[in-house]
Structures are given as structure tokens and as C-alpha cells.
Amino acid sequence: MTREKPKNLWLSRWGFILAATGSAVGLGNIWKFPYITGEYGGGAFVLMYLACILAIGIPVMMTEIALGRRGRGSPIDAIGRVVKENNGNPLWKAVGGMAMLAGFMILCFYVVVAGWAFAYTWKMLDGSLAATSVDALGQVFGEHNANPWQLGGWSVLVALLTLWIVAKGVQQGIERAVRWMMPGLALMLLVLVGYAFTSGSFGAGFDFLFSFDASKITGEALLAALGHAFFTLSLASGAILTYGSYIPDGQSITRTTFMVAFADTAVALLAGLAIFPIIFANGMSPSAGPGLIFMSLPLAFQQMPFGTLFGVLFFAMVSIAALTSAISMIEATVAYLNEKHGISRLKAAMGAGAVLLIISLLAMLSFNLLAGWTPGGQNFFDWLDYLTSRWMMPLGGIFLVLLAGYALRGEIMRDELNLPPLGYALWLFMVRYVCPVLITMVFLHALGWLGFDPIAKWYWIAGAIGALAVLGEVLRPRVVSALVDR
Ligand code: TRP
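The numbers in the sequence shown follow my numbering, run straight up by one, and end at 486.
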């Protein structure tokens, strides 16, 4: 069978690793992870999050990369080709379409949050954060958002930077950007952890992140951890699949996946070690919610030696992390337009960018002019977040593992993953049984359709996984062979 020739490939073997880490490491690691860890009570949450990365994040990421490289294209085209090779149903392409749409929708509100990070780098410098209480800083944040020109201006700046990089291409745009941004980000983070170590309450921060309180393990927290594992690894949203399609044949998907997942987790934990010691040293609460890095942290920086300098460094780091994620969210769409419709990358980026600006405008205005427009009880910004993280990513994740675990002939994935037998068996077990059961539970619980707490009744989960596995591995081959022999 002649396989599709790749149109684009990463220049170096670090290309994918840097770009995928750039996609994964973002606001999810530095903004969301610290505050949800704070809300769910520290070490117990961290442990559940690590378990979810291992049990679901890694198998799903391997699947996405393998599908992308096998099909060599945007999510829709890559899945289409793999399914065709398998003589399967072309409807599976819809999974790629949904993932692509999810990536695009995430970007529509992500530019707003990224805009906050850019704006705060500037505000740290020009003194507008020189307030003396968290309330006063809350007011600064509120005023920033109340002004559509200010909020919008910074968000549009992020969108334009993103489009500019993506328009320049995979090697000349994306790879070139991440090649210096990612090492820069790592360096900034290490400097900030060093600062927290010498000037903050490092012990208190460390204990908070790693001391384990079993009573804090709840179904609610597990669900948050699972959802976050998806989000932080950029799964089921087209990004990893599209980046995977640019990996040269012969590079190990498994090793690459582990490196990206490890780097992403390390950044989240180090961000926690940079933030919490500073929060604790200034007597603040770790559970301040989404305002943690925009309200509590700037105040903490004000009160510390060289605080302004390190504050600028912190928000510059967040801005870079957000930018390298943003470019991956629109890459799938640009790749699709470029490949399917023969539109140049520049025009594809401009077209996608025009739609992006219109939709994200509604997200920007959610904080001011349209704040009162709350169809179904939430504003447009919250709707984008809700639809993508509650529905599209879990659903996409389930369909991806079902496709790889059940619908495709075994050798397609086996070829691509190129694992030793035991490793392959483990991957297959995860995508066939563990991932679908766990993701379904999360999904149902998040919707409030599950009448019990899946952690307190963990044996239901274990039982369902076990029963499915027995059914699948022991009974199904017998049923199939009985039918075939007849
Ligand atoms: N992983 C990103 C972060 O942690 C967020 C993200 C979610 C994402 N889905 C994505 C990034 C799709 C790129 C593409 O901030």
C-alpha cells in the first residue's frame, strides 16, 4: 500500500518534542494547575493528577500521534486515510472534525486569558499593580476587563502573534519559534523556583504540593484531575495529532510521548514550587481560585525583594507558555485548509484568523459589554470553556481510543507504535478498557448523571474495567472464531 507522503516534517528530532511540549505547557500548567491544586487541597490532588496522566494521558497521546503519523495530515484527513487503509467507515472523520473544532474554540477564549498574561507583564512594569491589598488588585483586574479596548487590544495582539507564527509554516514558523521559546521558558521557570527557594516559604509550598491527605481523595477531585490531564496535554483537540503528522518515520512515538508528558508534568509541579512558597511567605491563601496568579501573586511580588523584576519575569514566562500553546490550537485548521483546499498557509491563517477574531471578540466582550448576555446561565466565554472541556474533549477522547482499540486492524497501530509485545499489550489494555471506562465515568459524573461518587465506590470502576477486559479478551475471540468456523 502506498502511504501518503508527508508534506511537512520537523527539521530535527527535537522539533516535535519542543513543539508538543510547547502545546502542552501553557496556561493549564501555570495558571490552572496551581489554582485547582489549591482548591482541591494539595498533595492528594497532585497524586490523582499524576495517576490520570499515566493511565489516560499517555495512552491517548500515543494514539493521537500514531494516527497523525500514519495518516499524515490534519485530523480529518489523517483519520480519513487511516480508516480507509482499514476499509472502515469514513464517518470516523467526524472525530477529527470535532477535535479540530475543539482546538479552534479553545483558542477563541484562550487568547483572552493569554492576553491577561501579556497585559500583566506590562502592568508589572508600569506600576499599575502597585496596590496594597488583594481587593485592590481585584479591582485592577476588574477594571482591565471592564474596558473592552484594553482587554480586546491585548487579546488581539496574542491572536495576531499566533497567526503570524503559524502562517510562516511548520519549520520556519512553529519549529523556529519553539526552538528558542521553550529553553527560554525552562530557564525562566528555574530562576523563579530559585527565587521562591531563597525568598519564599519553600518548605510550606513543598509540603502543600506533596504532603498527602487521604481524606481529600474524592470523586469530585478525581474528575477535576482527569479533565485537567486531558487539557494540559492538549489531547482530543487536534493539536497533538497534527503535530504528530510531521514526525519522521522511525522516531519512537512511545519515547517521545513520555518525554512530552514528563516535561509537561515537571513544568506544572515546578510552577507550583515557584508560586506557592511566594503565596505562603506573604500569608495568603492557596485557594484563591482563578485569580491566584493575577491578584494574590502580584501583591506577593510587591512585598518581596526585587519583586518587580521577578514579577515581570513570571508574567513573561506565562505569556510565552500561552503563545506556544495558542499556535498549536490553530495549526490543525490551517493544515486542513492548506491541504484539503490547496489554500496557502498565509491565506489559510488569514481566513481562520478572521473567524477567530470575530468569535473571540464575543469572548472578550463577555467581560464587559456582553456581560449580561448569558443564554443558558453563562456568558459566551464560559460557554466555550464548558463545551470544549466538558463535552468535546472527553467525547473526542473516547472516540479516539475506540477507533484505535477496536475499529482498526491490530497491525496498523502495532506498526506505528512499534512496541515490544508486552508494551503493546499494555497500551491495548489501556485504550480498550481503562480509558473508555474512566473517561465515561468522568463524563457522566461531570454531567451529574452518575448517582454515586466514583472514588468512594471505586470497585465499580475496577469491576467494569475487569468485566470488559474479560469479555473482550476471553469471550470475544471465542465468539468470533465460533462464528467464523461455522
Ligand atoms: N495544554 C494547554 C495548556 O495546558 C491547553 C490546551 C488544551 C491546548 N487543548 C489544547 C493547547 C489544544 C493546544 C491545543 O494550557
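Yeah, the Cβ is synthetic: ideal placement off N, Cα and C, and Gly gets one too.
Item: Which whole-angstrom value is the C-beta distance of R13 and G169, which I expect to be below 8 Å?; Value: The pair is not a contact, with the Cβ atoms about 19 Å apart (cut-off 8 Å).
Item: Leaving out the 5 sequence neighbours to the left and right, which residues in its chain are closer than 8 Å to F429 when beta-carbon positions are compared?; Value: A469
Item: Figure out for me which residue from I174, V431, T257 has the closest Cα to the Cα of S501.; Value: For the chain, the structure presents residues 1 to 486; residue 501 sits outside this window and is missing.
Item: Would you mind working out which of G397, W122, T232 sits nearest S266, comparing C-alpha positions?; Value: In the sequence as presented, Ser is not what sits at residue 266; that position holds Ala. A266 has its Cα closest to that of T232, out of G397, W122, T232.
Item: Only counting the same chain, and skipping five residues up and downstream in sequence, which positions put a Cβ closer than 6 Å to that of L492?; Value: Since the first residue of the chain shown is 1 and the last is 486, residue 492 is not available in this structure.
Item: CB of S325 to nearest heavy atom of the ligand TRP: below 8 Å?; Value: yes
Item: On the CB-based measure, 16 or more other CB atoms within 10 Å of its CB, does E331 come out buried or exposed?; Value: buried
Item: Under the assumption that G28 contacts L292 (Cβ atoms under 8 Å), give the Cβ distance between them as a whole number of angstroms.; Value: Not confirmed; about 14 Å, so no contact.
Item: If we count the other Cβ atoms within 10 Å of its Cβ and call it buried at 16 or more, is R255 buried or exposed?; Value: exposed
Item: How many Å lie between G88 and W427 at the Cα?; Value: 22 Å
Item: Which two residues bound the contiguous alpha helix (DSSP H) that contains Y386?; Value: 380 to 386
Item: Consult DSSP for I247 and reduce its assignment to one of helix, strand or coil.; Value: coil
Item: Can you tell me whether A321 sits near the ligand TRP, meaning its C-beta is under 8 Å from at least one heavy atom of the ligand?; Value: yes
Item: What residue range does the alpha helix (DSSP H) around D207 cover?; Value: 202 to 210
Item: Please state the DSSP three-state secondary structure of R486.; Value: Because the pLDDT of R486 is 46, which lies under 50, any placement of that residue in the model is unreliable, and the number read from its coordinates should be weighed accordingly. Coil.
Item: Using three-state DSSP, classify L370 as helix, strand or coil.; Value: coil
Item: Evaluate L67 with the Cβ neighbour count: other Cβ atoms within 10 Å of its Cβ, from every protein chain shown; 16 or more gives buried, anything less gives exposed.; Value: buried
Item: Using a Cβ-Cβ cut-off of 8 Å (strictly less than) and excluding sequence neighbours within five positions of V334, which residues of its own chain qualify?; Value: V166, A167, R345, A348, A349, A352
Item: Is it the case that the CB of Y49 approaches a heavy atom of the ligand TRP more closely than 8 Å?; Value: no
Item: What separation, rounded to the nearest whole angstrom, lies between the Cα atoms of A446 and P394?; Value: 10 Å
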